[in-house]
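Colleague: Below is one structure. I have some questions about it.
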Amino acid sequence: STIVLLFEAPQDFTFNLTAGQKIRFGEPLGTM
Amino acid sequence: LQARVRPLPLLIATGSGYLGYNQYERYKDRNLEKLGIEVPPRLANELQVNIYKTIPTRLLSRAWGRLNQVDLPVWLRKPIYSLYIWTFGVNMKEAAVEDLQHYKNLGEFFRRKLKPQARPVCGSHCVISPADGKILHFGRVKNCEVEQVKGVTYSLETFLGPYTWTESLDINRHEDDHNNFQNLLVTKKGNDLFHCVVYLAPGDYHCFHSPTDWRVSHRRHFPGSLMSVNPGIARWIKELFCHNERVVLSGEWRHGFFSLTAVGATNVGSIRIYFDKELRTNNPRYSKGSYNDFSYISNNNQEGVSLRKGEHLGEFNLG
């Protein structure tokens, strides 16, 4: 199963992620 | 000419040949990657996708679900769940109930909850991960195309369906925006559209939570195939998430449009949204290729459903 998030955000939004990394519920996805 | 055609050895020989060739291609790709050369994903052709789609994955998924609703005798629970834990690397230390005999069947075990303090919700960032899993891909949406993994895209419009939920969103738009689906979703000047895909492996906690503070105004349910969504298949089948059964929740957060989509898979075919008692997924009465809309806006409730960051939102179920 998969969750896809699609959202509008200011252009300075950046993800703090790397593809393939493990993540847990509650951990941040990105910053502005 | 007089020799009899033996279908089984022929099938085994062609199957083994195909698998061998496939492994060889993968081996070549791995070697190229080791040398730092980027290898484009090998996509399934239309025939391969159609063959995959002919497998009755929905039927299999429902049968799997029924099987996992059968209560297990107490003496059998520990060995069965232990095998599952060992196979998929489940961490039972963080489960709200660690006693395996408490779970009547595998379906119930799959829906296990976590201890209250097992997942602290980040308070300083506005968007958090809604679930445990692996980040498949993330980034900006460009030219109405979203990437499911690097280099494999799908159409934003096919994924979300036609833009007809606008009555439920109080948004001002320009006439010229109506030519571009992506622009329709971006409500504020200077904003962009972003996406993030989280893959939940079989051993992961399978409930999901609200990723931010937002208001959900609309639900769109797409009955569809239930192909596997593991990263290997996501690299192989283009538009995989558009083929599969999914539930799109859309609404608004403080920066404009926000949506969360739960995509089903073969063994995890049904999706439950806690506040939506009407929703029925992986149900034979719905045919593939259609979609069903439901608005959470009513005369009594003009705002839709308000969710707080980290709040329980829904769960995936076996079958």
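Residue numbers (the working numbering), protein chains in the order written: chain A, 159 to 190; chain B, 43 to 361.
Backbone N, C-alpha and C fix where the C-beta goes; we use that ideal spot for every residue, glycine too.
1) Taking the DSSP output, what are the residues bridged to residue 292(B)?
2) How is residue 249(B) classed by DSSP in three states: helix, strand or coil?
3) Three-state secondary structure (DSSP) at residue 168(B)?
4) Around the Cβ of residue 99(B), are there at least 16 other Cβ atoms within 10 angstroms (buried) or fewer (exposed)?
5) Please classify residue 206(B): is it buried, with 16 or more other beta-carbons within 10 angstroms of its beta-carbon, or exposed?
6) Ignoring anything shorter than 4 residues, give me the alpha helix (DSSP H) runs that lie fully in the stretch 112-183 of chain B, in order along the chain.
7) Along chain A, which residues have their Cβ under 8 Å away from the Cβ of residue 223(B)?
8) How should residue 235(B) be labelled, buried or exposed, when 16 other C-beta atoms within 10 angstroms of its C-beta is the threshold for buried?
9) Just mark residue 228(B) as buried or exposed, buried being the case when its beta carbon has 16 or more other beta carbons within 10 Å.
10) Using three-state DSSP, classify residue 309(B) as helix, strand or coil.
11) Consider the Cβ of residue 192(B): report whether some Cβ of chain A lies at a distance smaller than 8 Å.
12) For residue 240(B) and residue 191(B), what's the separation of their Cα atoms in angstroms?
13) Under the DSSP definition of a beta bridge, which residues are partnered with residue 238(B)?
14) How about residue 229(B): is its C-beta nearer than 8 Å to some C-beta of chain A?
15) Three or more beta-carbon pairs under 8 Å between the stretch 297-316 of chain B and the stretch 162-174 of chain A, yes or no?
Modeller: Well, looking at it:
1) Position 250 of the second sequence, counting from 1, holds the residue named residue 292(B). Paired residues: 260(B), 301(B).
2) The sequence position of residue 249(B) within the second sequence is 207, counting from 1. Strand.
3) Taking the first residue of the second sequence as 1, we reach residue 168(B) at position 126. The three-state reading of DSSP puts residue 168(B) in coil, since its state is none of H, G, I, E or B.
4) To locate residue 99(B), count along the second sequence from 1; it is residue 57. In the assembly as shown, residue 99(B) is a buried residue. Its beta-carbon has 16 or more other beta-carbons within 10 Å.
5) By 1-based counting over the second sequence, the position of residue 206(B) is 164. Counting the other Cβ atoms within 10 Å of the Cβ of residue 206(B) gives fewer than 16, which makes it exposed.
6) Taking 4 residues as the minimum length, the alpha helix (DSSP H) runs contained wholly in the stretch 112-183 of chain B are 116-130, 148-152, in order along the chain.
7) Reading the second sequence from its first residue, position 181 is the one you call residue 223(B). Going along chain A, no residue has its Cβ under 8 Å from residue 223(B), so there is no contact; the nearest lies around 12 Å.
8) As a working note, residue 235(B) is residue 193 in the second sequence. When all chains shown are included, residue 235(B) counts as buried.
9) Start at 1 with the first residue of the second sequence, and residue 228(B) comes out as number 186. By the neighbour-count criterion, in which a residue is buried when 16 or more other Cβ atoms sit within 10 angstroms of its Cβ, residue 228(B) is buried.
10) On the second sequence, residue 309(B) is found 267 positions in, with the first residue counted as 1. Here residue 309(B) sits in coil by DSSP.
11) Along the second sequence, read from residue 1 onward, the residue named residue 192(B) stands at position 150. Between residue 192(B) and chain A, the shortest Cβ-Cβ separation is below 8 Å.
12) Looking up residue 240(B) in the second sequence gives position 198. Looking up residue 191(B) in the second sequence gives position 149. Computed Cα separation, rounded: 11 Å.
13) Stepping through the second sequence from its first residue, residue 238(B) is reached at position 196. Here residue 238(B) is bridged, per DSSP, to 163(A), 180(B).
14) Sequence index remark: in the second sequence, residue 229(B) carries index 187 (1-based). Answer yes: the Cβ-Cβ gap between residue 229(B) and chain A drops below 8 Å somewhere.
15) Yes, since at least three Cβ pairs between the stretch 297-316 of chain B and the stretch 162-174 of chain A fall closer than 8 Å, the two stretches touch.
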